[in-house]
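Heads up, the thing below is written out as structure tokens.
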Amino acid sequence: MADSSEAKRPKGVQVEDRKVNWRRWKQERKAEKKKWKELNLLKKLEKQRMRELAEKQAEEEQQQQQEDKGRHYTLSVALPGSILNNAQSLELRTYLAGQIARACAIFCVDEIVVFDEHGEDAKSVEGEFEGIGKRGKACVQLARILQYLECPQYLRKSFFPKHGDLQFAGLLNPLDSPHHMRVDEDSEYREGVVLDRPSKPGRGSFVNCGMKK
677 MADSSEAKRP KGVQVEDRKV NWRRWKQERK AEKKKWKELN LLKKLEKQRM RELAEKQAEE
737 EQQQQQEDKG RHYTLSVALP GSILNNAQSL ELRTYLAGQI ARACAIFCVD EIVVFDEHGE
797 DAKSVEGEFE GIGKRGKACV QLARILQYLE CPQYLRKSFF PKHGDLQFAG LLNPLDSPHH
857 MRVDEDSEYR EGVVLDRPSK PGRGSFVNCG MKK
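This note's numbering puts the first residue of the sequence shown at 677, with every later residue one more than the last.
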């Protein structure tokens, strides 16, 4: 009997070892599955990130192409010159015209048409022009201030001599338009005016384009 019991003990130990190994195998299997799921999730996230990046790059390229092409239309605004008659002084008139110009510049208006709402319809262009009269003075003043603001700063002295309508031009806020270049700003094109200054034969002419000598 003693021999038989001793012979059975090792078998019990082997079964217990097998159970322990089976549990360990299950745990390892679960860990592998969890790791595999995490790897698949990381791959999916990486694919999604790459897809979003490619879509973003495509949108930026498309937007850049649209910006390079420009618009196929122009935006015009028609204003009556009598709008300045509401201002009580020359300073307020100048400031009002500047606000109109700045609003149109912000909304990318290409053209401002100033018309005289009190003008008479002429059926013929023959005859002598007698002037705009007192009623049309606001139209000319508004047009002159708008032209002054549209002109780059370094060209205003050349195109606009001293005038009563521009007496308070210092109150005007700058438009900061794309063609208003600064001294240290690089650009492919610049607006300029040819100066009446002598130059050497065959060397061309001097042009004021807002840059240093």
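For every residue, glycine included, the Cβ atom is placed at its ideal position computed from N, Cα and C.
Please read all numbers here as calculations on a predicted model, not as lab measurements.
Membership of Glu787 in the beta strand (DSSP E) is indicated by the continuous run Glu787 to Phe791. Buried is the label assigned to Gly757, since at least 16 other Cβ atoms lie within 10 Å of its Cβ. For Ser863, the secondary structure class from DSSP, reduced to helix, strand or coil, is coil. For Ser752, the three-state secondary structure derived from DSSP is strand. Per the Cβ contact rule, the stretch 836-852 is in contact with the stretch 773-792 (3 or more Cβ pairs under 8 Å).
For the pair Val859 and Lys833, the CB atoms are not nearer than the 8 Å cut-off.
Given a length threshold of 3 residues, each whole run of the beta strand (DSSP E) inside the stretch 698-767 is given here in chain order: 752-756.
The beta-carbon separation of Arg873 and Cys885, rounded to 14 Å, does not stay under the 8 Å limit for a contact. Contact annotation: Leu755 and Val790 have beta-carbon atoms nearer than 8 Å. In the DSSP assignment, Leu825 falls within the unbroken alpha helix (DSSP H) covering Lys813 to Glu826. Around the beta carbon of Asp862, a 10 Å sphere encloses fewer than 16 other beta carbons of the protein chains shown; the residue is thus reported as exposed.
Checking the DSSP bridge columns, you'll see Asn884 partnered with Val869. In this structure, the beta-carbon distance from Asp792 to Cys815 falls below 8 Å. The C-beta distance from His794 to Arg820 rounds to 19 Å, too long to meet the 8 Å contact threshold. Here the alpha carbons of Arg727 and His855 stand approximately 39 Å from one another. Membership of Phe836 in any alpha helix (DSSP H) is not indicated, and neither H nor E is assigned to it by DSSP.
Around the beta carbon of Thr750, fewer than 16 other beta carbons lie within 10 angstroms, which makes this residue exposed.
Secondary structure of Leu851 (DSSP, three-state): coil. The alpha carbon of Gln829 has as its nearest neighbour, out of Asp852, Ile759, Leu717 and Trp698, the alpha carbon of Asp852. When DSSP states are grouped into helix, strand and coil, Gln843 belongs to the coil group.
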